[in-house]
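Novice:
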Ligand SMILES: CC(C)(COP(=O)(O)OP(=O)(O)OC[C@H]1O[C@@H](n2cnc3c(N)ncnc32)[C@H](O)[C@@H]1OP(=O)(O)O)[C@@H](O)C(=O)NCCC(=O)NCCS
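Rendered as structure tokens:
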């Protein structure tokens, strides 16, 4: 059972400077995310496209979804996303951490990660894992993640 409340729209950052304008950044943990917007966000960082049907299922079955957005002409513009899967007791794994390139380098990735960790801790999850692309290992290390604790090695099995 999640101990955190699903929130529709809470203000995360008041008046972030974006291209000379001040924009408010909101956070939502609702799962009804627009999949086209998410695909656009993932495209913006060059990720390989995944089938919509599978992304929809993955989101539905995730323990926690966090999306970041700002509001433009009365519409939400998705600029950040992360999700976590979990056994709801001990472990959670964070996936799909992304901030739109226009909004990178402004502290949003760090804020997004802090939020996801806080939400998981509020559900009493003790072990949080993730798989870091080589170019972001330092980003995660600075947030307290450690490589190979106690000699543990991540191992993978893929269909041949
Ligand atoms: C990785 C990512 C989420 C970081 O988001 P961001 O909003 O640019 O990061 P922030 O501005 O919050 O940076 C927080 C800190 O991490 C540092 N940082 C950011 N990206 C980094 C990187 N790739 N490597 C090392 N440090 C990094 C920043 O310098 C900053 O340091 P500071 O706290 O000392 O000032 C973002 O670059 C991104 O979406 N990348 C493409 C997708 C991706 O690679 N996701 C991870 C998949 S495992």
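In the UniProt record's numbering, the protein residues as written are 1 to 160.
All residues carry an ideal CB built from backbone N, CA and C; glycine is no exception.
It should be emphasised that the depicted structure is a prediction, and the values quoted were computed from it without experimental measurement.
Report yes if the C-beta distance between residue 100 and residue 62 is below 8 Å; otherwise report no.
Specialist: No, they are not a contact pair.
Novice: With hydrogens ignored, establish whether the beta-carbon of residue 144 is closer than 7 Å to any heavy atom of ligand 1.
Specialist: Answer for residue 144: no, Cβ out of range of ligand 1.
Novice: Do residue 103 and residue 41 have their C-beta atoms within less than 8 Å of each other?
Specialist: In this structure, residue 41 does not lie closer than 8 Å to residue 103 by Cβ.
Novice: If distances are taken between C-alpha atoms only, which option among 137, 128, 51 and 112 comes closest to residue 94?
Specialist: Ranking the options by Cα distance to residue 94, first place goes to 128.
Novice: Alpha helix (DSSP H) containing residue 118: first to last residue?
Specialist: Run containing residue 118: 108-122, per the alpha helix (DSSP H) assignment.
Novice: Is residue 108 near ligand 1, judged by its Cβ being under 7 Å from some heavy atom?
Specialist: Answer for residue 108: yes, Cβ within range of ligand 1.
Novice: Short of 7 Å in beta carbon distance, which residues of its chain neighbour residue 86, apart from the five on each side in sequence? Order them along the chain.
Specialist: The answer, listed in chain order, is 63, 92 and 125.
Novice: How would you label residue 161, buried or exposed, when you count the other beta carbons within 10 angstroms and need 16 or more for buried?
Specialist: Here the chain covers residues 1 to 160 and nothing more, so residue 161 does not appear.
Novice: By the three-class DSSP mapping on this structure, what secondary structure does residue 18 have?
Specialist: Strand at residue 18.
Novice: Taking the alpha-carbon of residue 131 as reference, which of 156, 116, 109 and 150 has the nearest alpha-carbon?
Specialist: The shortest Cα separation from residue 131 among 156, 116, 109 and 150 belongs to 156.
Novice: By the three-class DSSP mapping on this structure, what secondary structure does residue 50 have?
Specialist: In this structure, residue 50 counts as coil in the three-state DSSP scheme.
Novice: Note the first and the last residue of the continuous beta strand (DSSP E) segment covering residue 37.
Specialist: That residue, residue 37, is in no beta strand (DSSP E); its alpha helix (DSSP H) goes 35-44.
Novice: Of the residues 144, 49, 121 and 97, which one's Cα is nearest the Cα of residue 5?
Specialist: Minimum Cα distance to residue 5 is reached at 121.
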